[in-house]
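>
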Ligand SMILES: [Cu+2]
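Residue numbers (the working numbering): 72 to 190.
Printed below as a string of structure tokens:
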């Protein structure tokens with residue numbers, strides 16, 4: 072009798088483990104995109120990466136200030152490249168073909184504006 076209970080528990084645990092693994096696999100629909108932005112300095116990097124951190128479905132982001140390219144890893148089931156570009160635009164920066172939101176751009180620090188003479 073006791074053995075049967077133990078066997079049942081093991082069976083349940085094995086089943087749960089399998090389910091968990093299946094979920095992990097489902098959550099693993101990750102993709103990476105590289106988006107050209109209009110960032111100019113380290114502050115821009117912070118602003119964009121912060122915007123990405125708050126963006127739904129975005130796992131990681133890393134902006135290279137030299138190339139102005141932000142590499143974003145995201146969950147394909149939760150967001151799309153279009154939404155990510157829109158979020159960058161809303162932060163005040165161009166993102167590939169999506170131009171910076173004018174209102175957000177106006178709020179940027181003077182050194183962060185792409186047409187700034189400071190650079
Ligand atoms: Cu800047």
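Cβ atoms here follow ideal geometry from the backbone N, Cα and C, with glycine treated the same way.
When DSSP builds the beta bridges, which residues end up paired with residue 140?
107 and 135
> Report the residue from 88, 74 and 101 whose alpha carbon sits nearest the alpha carbon of residue 149.
Taking only the C-alpha atoms, the option nearest residue 149 is 101.
> Between residue 183 and residue 111, how many whole angstroms is the CB-CB distance? I'm expecting something under 8 Å.
6 Å
> Can you tell me whether residue 110 sits near ligand 1, meaning its C-beta is under 7 Å from at least one heavy atom of the ligand?
Answer for residue 110: yes, Cβ within range of ligand 1.
> Quick one: Cα of residue 86 to Cα of residue 147, how far?
27 Å
> If you follow the alpha helix (DSSP H) that residue 161 is in, where does it begin and where does it stop?
152–161
> Can you list, in chain order, the residues of its chain whose CB lies under 6 Å from that of residue 161, leaving out five sequence neighbours each side?
172 and 175
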